[in-house]
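Asks:
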Amino acid sequence: MLVFWEQRLAFLATPKTGSTAIAAALESLAAVSIQRPPLLKHTTVHRYRRFIGPFLEAASKGDFTLVALMREPTDWLGSWYRFRQREETDAGKSTKGMSFDEFVRAWCQDPRPDFADVGSQGKFLRPRQGVGVDRLFRYEEIGSFVQFLEERLDCAITLPRLNVSPPGATEVTAGTAALLREVAAEDFALYATLTG
């Protein structure tokens, strides 16, 4: 999570949406940068609105614009699947030796096995009640987000490629795709509202 005090801007680091690269590019400009532990780095909109936002707004006597990125839900799961293929992944969380179709079906279970328990963007980005993110951008159109940041922060921004998941096949059967659309309906509905 990054907070730009003078610009009254806060960035939520949605997992697997380039947040490590964004932090690397912008950390020096931020008044607050939370990169560790992962629970704080990836603060949800609910936690921000309940705890952090009210503190920032009371301390600054002004409103902050809350921004984040969202990735197409199947692609987002594909990034998690490939990320957990890495050699250094703990055995219980590794996806090595399984297909993406198996991973998606496991993610659709309740409860999810450890290797597929990666949360959901819908739960991360939607509050339990009240206000959500002020500006939500599509990860696939990150150029729009960078342009927004350049205008808001008044500087040119070049994002490095960091923490990129290794390549891998991410095909699913028609049945698995339909199951995912049903289980992740909230995520797909939220993503469909984004225009760029």
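FYI, the numbering for the sequence shown is 8 to 203, going by our numbering.
Backbone N, C-alpha and C fix where the C-beta goes; we use that ideal spot for every residue, glycine too.
(1) What's the gap between the Cα of GLU193 and the Cα of GLU109?
(2) Per DSSP, which residues does VAL10 bridge with? Please list them.
(3) Using a Cβ-Cβ cut-off of 7 Å (strictly less than) and excluding sequence neighbours within five positions of PHE152, which residues of its own chain qualify?
(4) To the nearest angstrom, report how far apart GLU189 and ALA37 are at their CA atoms.
(5) Quick one: is LYS130 buried, meaning 16 or more other Cβ sit within 10 Å of its Cβ, or exposed?
(6) Going by DSSP in three states, ALA66 sits in which element: helix, strand or coil?
(7) With distances taken between CB atoms, is the gap from ALA32 to ILE164 smaller than 7 Å?
(8) Could you say which of ARG91, PRO120, ASP70 and PHE58 lies nearest to LYS23 if we only look at CA atoms?
(9) Pick from GLY139, VAL171 and LEU84: whose alpha carbon is nearest that of ARG56?
(10) Could you tell me which residues DSSP puts in a beta bridge with LEU33?
Replies: Taking the structure as given:
(1) Against the sequence shown, residue 193 aligns to sequence position 186. Against the sequence shown, residue 109 aligns to sequence position 102. Distance between the alpha carbons of GLU193 and GLU109 is about 21 Å.
(2) Against the sequence shown, residue 10 aligns to sequence position 3. ALA17 and VAL39, per the DSSP bridge assignment.
(3) In the sequence shown, residue 152 corresponds to position 145, counting from 1. So the qualifying residues of the chain are LEU76 and PHE144.
(4) As a working mapping, residue 189 is identified with position 182 in the sequence shown. As a working mapping, residue 37 is identified with position 30 in the sequence shown. In this structure, the straight-line span from the alpha carbon of GLU189 to that of ALA37 is close to 39 Å.
(5) On the sequence shown, position 123 is the one that residue 130 refers to. Its Cβ having fewer than 16 others within 10 Å, LYS130 is exposed.
(6) In the sequence shown, counting from the first residue as 1, residue 66 sits at position 59. Helix, per DSSP.
(7) To locate residue 32, count along the sequence shown from 1; it is residue 25. To locate residue 164, count along the sequence shown from 1; it is residue 157. Taking 7 Å as the Cβ cut-off, ALA32 and ILE164 qualify as a contacting pair.
(8) Along the sequence shown, one-based indexing puts residue 23 at 16. Checking every option, the nearest Cα to that of LYS23 belongs to ARG91.
(9) By one-based count along the sequence shown, residue 56 stands at place 49. Out of GLY139, VAL171 and LEU84, GLY139 has the C-alpha closest to the C-alpha of ARG56.
(10) The sequence position of residue 33 within the sequence shown is 26, counting from 1. Looking at the DSSP output, LEU33 sits in no beta bridge, so it has no partner there.
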